[in-house]
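To keep things clear, I will list the structure first and then write my remarks on it.
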C-alpha cells in the first residue's frame, strides 16, 4: 500500500487528544508531510498544524485526506462523511485506519468512482502475498520486539530510523501496523494478513537490498502474548533481523487484555534469539527501549542504568533520552555508514 | 463451517488417484458418510464407492456434493460446472477445498441463489473470530505437531480419534485444514484465518467442554518451518493441549518447499513444551507417529523401536501399527474413559 503525500489530517469532532492519536503520531514523525489539519466544530484535539479547509489544503498541495481520529466504537460517524466526499471531489485520495472499509459506505464509494480517487483502508491488505521462503536476503534488518503489545515498538523503530538517518545510515522505517502505515506512507498491517502469509508479507516488506541499506521494522505483539505470539513469530521469521531492540513498559504487571504476567526482558531476549536463528543464525540484541514516561526523572534514570547493567546492553527511553547509545552499539557491531 | 452429510463425492475426470486425494481421505475416514462417487468420462481415479449419478445419489440421501478432486493448477475446469449446477438443482449443497471460491463462478452462484443451496468453500473462513484469550478451558485436548508440513498430522489425529473412540473415550477430531474439514464435516482452515485471530480460532474450535471430552486437534505446519511457524504457534497457544503427538517422515532431509533441514524429533518435543506452557503449563508429549510407508517392514520396526528408546515415548506408524501404544500412554497419564 502506497499513500500519496502530502496529507491533510482530518480530526473530526473527537472529544480528546487520545481519540486523535493517529494524527498526533503522524505529526510527531512526519510533520513535513502534513499541510494542515481539518477539525469540525466541537473538536477537542489539536495537533498544532494550521487549520485548513479542503480547498485551502488542496491549494497547499494535499494529495491524501487522512482520517487521523477514531470515533468511540470504531465506526465512521455519519456526519464525517460529507467532509470525506468533499475531499474526494477536490481531487484527494482518502486513507483510513478504521476497521470498517471506506468502500462499504455508498456515498464515499460512489464519489471515489466518479473521481478515480484511491480509498486506502490500511487495516486491510490490498494485495496478496507469497508464503515465506526463509532464504537469507542481502541488506540489513532491525526489528523491535516487546515484552507485551503496546509498549512502544513503533516509536522505538521510528526513533531508530531518525537517529540512524541523522548519522548518515541509509535507514528505512517499515510499518507493520495501521498507524505505522499512515506514518510511513506505505507498509502492511501484518495482523490483517491471512495467517499462511505472515512471514511472506514480512519478506515482501523487507526485500533483497543494497548491503548498506537498513530496514527498521516495527514489531507486533510479543512472543509471550497468548493472543498474538503467532503473528510475532511469523514477523520475526520473515523479517530475519540481524539485530533487535526489546521494548518494555516497566509499570505494567499483566499483558494487555489477558491475565498473563508481562514477560521478563531477559526471557524475550533469549526466546527471540532462539526462534530468530531459524532464518538468521546471526541475530543479536543491540539494546532495550523502556517507556519511562510515568516515572519521575531520577527513578527513570536509575531504572535505565539497572536495566543496562543487568543485560549488558544499552537501555534508553526513546523519547526521554533518545536512541544514541543503541545506534552506537549498532555501529560497533555492524560498522558506521 | 458445518457441512451436511451424507456426501456424494465428485471426482471429475482427474488423470490419477493423487488428484483425488481429498476424496480418498474422506473414504478412508468417513466411509459411512458417502453414498457414492460421481466420475466423468476419462476419470482415472476410483475410491471404490458405488458410481451414482446425481438423481440416484439424491435418492440415496446425499445432502452435499463434495468436490473431492483438484485440477492441475487448482482452478475449477469449465466442464465440471454443469455437474455442480445439476447437483444444486437436485437440492444439494456444494463443498469445495479449491482456492477459488464457488460463488465467484456465476452459473454456480445463480443456481445456489435460486435453490437456496449453501456453497461451502472450506479454504475460506465463513465467520469471524475473536482474538485468543489464553484462559484455561475445561475438557481435554491433544494436538498433533510435526517435524515438517505434510508428515501425517491429520492422519495421526484421525487414527487417535478412532482408537480412543473404540476404547470408549469421548473423542472428537477437530479439523484445521481444508481436507480435514471435509472429513470432519466441520472445522476451520486455520491457515486461511486473518493473522490476528489464529489462536482465537483455535479456542473457538476447542471450547469449554465436559472434563472427560477429548478434542483431538489436527496440527498445521511446524514450529521449525520458516513459512508457517507463526500459524503453528498460534494453533498451539489456542488449542492449549494437555498432550501432543510428534509426527515425522523419516526419509525427508529438508523441509517442504524450503532448504531448511527437517527438524529433529527431540527439538520439536522440547520447543513444543517450552512454547506450549504459555497457555497450558502441564503440556506433555505422549508419543511419536512415524510415516514408515516407504521403508521395508523390518527397517520400519527397527526405526520405531529406536525412536521409542531414544525419546522414552511410544513410537508408532498410524497406518502400519496403529495408535494403541500411544492411547495406552494417554490412559496411564490421564486415566481410562
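Residue numbers (UniProt numbering), protein chains in the order written: chain G, 1 to 337; chain C, 1 to 337.
The beta carbon of each residue, even a glycine, is placed where N, CA and C say it ideally should be.
Predicted model, so just to flag it, every value in this text is computed and none were measured.
- By the Cβ neighbour-count rule, residue 182 of chain G is buried, with 16 or more other Cβ atoms within 10 Å of its own.
- Nearest Cα to residue 90 of chain C within the set C/56, C/247 and C/166: C/56.
- In the DSSP assignment, residue 245 of chain C falls within the unbroken beta strand (DSSP E) covering 243-248.
- Of all alpha-carbon atoms in G/107, G/129, G/30 and G/205, the one lying nearest the alpha-carbon of residue 119 of chain G is that of G/107.
- The beta carbon of residue 49 of chain G is closer than 6 Å to those of 34, 36 and 37 in its chain, skipping five residues each way along the sequence.
- In the DSSP assignment, residue 298 of chain C falls within the alpha helix (DSSP H) that extends over 297-311.
- Under the rule that a run must span 3 or more residues, the beta strand (DSSP E) segments found entirely inside the region 9-48 of chain C read 34-39.
- Rounded to whole angstroms, the separation of the alpha carbons of residue 152 of chain C and residue 93 of chain G is 49 Å.
- Residue environment for residue 135 of chain C: exposed (fewer than 16 other C-beta atoms within 10 angstroms of its C-beta).
- Taking a contact to require three or more Cβ pairs closer than 8 Å, the region 188-204 of chain C and the region 186-201 of chain G qualify as touching.
- For residue 145 of chain G, there is no enclosing alpha helix (DSSP H); the residue is part of the beta strand (DSSP E) that begins and ends at 140-146.
- For residue 272 of chain C, the closest Cβ of chain G is not nearer than 8 Å.
- At a cut-off of 8 Å, the C-beta of residue 121 of chain C has no neighbouring C-beta in chain G.
- The Cβ of residue 126 of chain G sits no closer than 8 Å to any Cβ of chain C.
- For residue 198 of chain G, the chain C residues whose C-beta falls within less than 7 Å of its own C-beta are 195 and 230, listed in chain order.
- Under the three-state reduction of DSSP, residue 213 of chain G is assigned to strand.
- With respect to chain C, the C-beta atom of residue 99 of chain G has no partner C-beta closer than 8 Å.
- Between residue 170 of chain C and residue 214 of chain C, the alpha-carbon positions lie close to 6 Å from each other.
- Straight across, the Cα-Cα distance linking residue 273 of chain C with residue 40 of chain G is about 54 Å.
- Residue pairing from DSSP places residue 174 of chain G in a beta bridge opposite G/217.
- Look at residue 138 of chain G: its C-beta is not under 8 Å from any C-beta on chain C.
- Annotation: residue 28 of chain C has no Cβ neighbours in chain G at a cutoff of 8 Å; minimum Cβ distance is about 25 Å.
- Not flagged as an interface residue toward chain C: residue 180 of chain G, since no C-beta distance is shorter than 8 Å.
- Relative to the Cα of residue 237 of chain C, the nearest Cα in the group C/223, C/262, C/227 and C/246 belongs to C/223.
- Residue 182 of chain G sits in a helix when the DSSP states are folded into three classes.
- Judged by their CB atoms, residue 315 of chain C and residue 287 of chain C are nearer to each other than the 8 Å cut-off.
- For residue 94 of chain C, the beta-bridge partners assigned by DSSP are C/65 and C/119.
- Residues of the region 252-286 of chain G that bring their beta carbon within less than 9 Å of a beta carbon in chain C comprise 255, 257, 258, 259, 260, 271, 274, 275, 278 and 279, in sequence order.
- Taking 8 Å as the threshold, the shortest C-beta distance from residue 192 of chain C to chain G falls below it.
- Proximity of chain G to residue 145 of chain C at the Cβ level (cut-off 9 Å) is not reached, the minimal Cβ distance being about 14 Å.
- Residue 195 of chain G carries a helical assignment under DSSP once its states are collapsed to helix, strand and coil.
- Residue C/86 holds the alpha-carbon nearest to the alpha-carbon of residue 117 of chain C among C/86, C/140 and C/251.
- Residues of chain C with a Cβ closer than 7 Å to the Cβ of residue 226 of chain G are, in chain order, 132, 134, 199, 237, 278 and 279.
- In the three-state reduction of the DSSP assignment, residue 238 of chain G falls in the helix class.
- The criterion of a C-beta distance shorter than 8 Å is satisfied by residue 185 of chain G and residue 2 of chain G.
- Residue 318 of chain G has its alpha-carbon roughly 12 Å from the corresponding atom of residue 246 of chain G.
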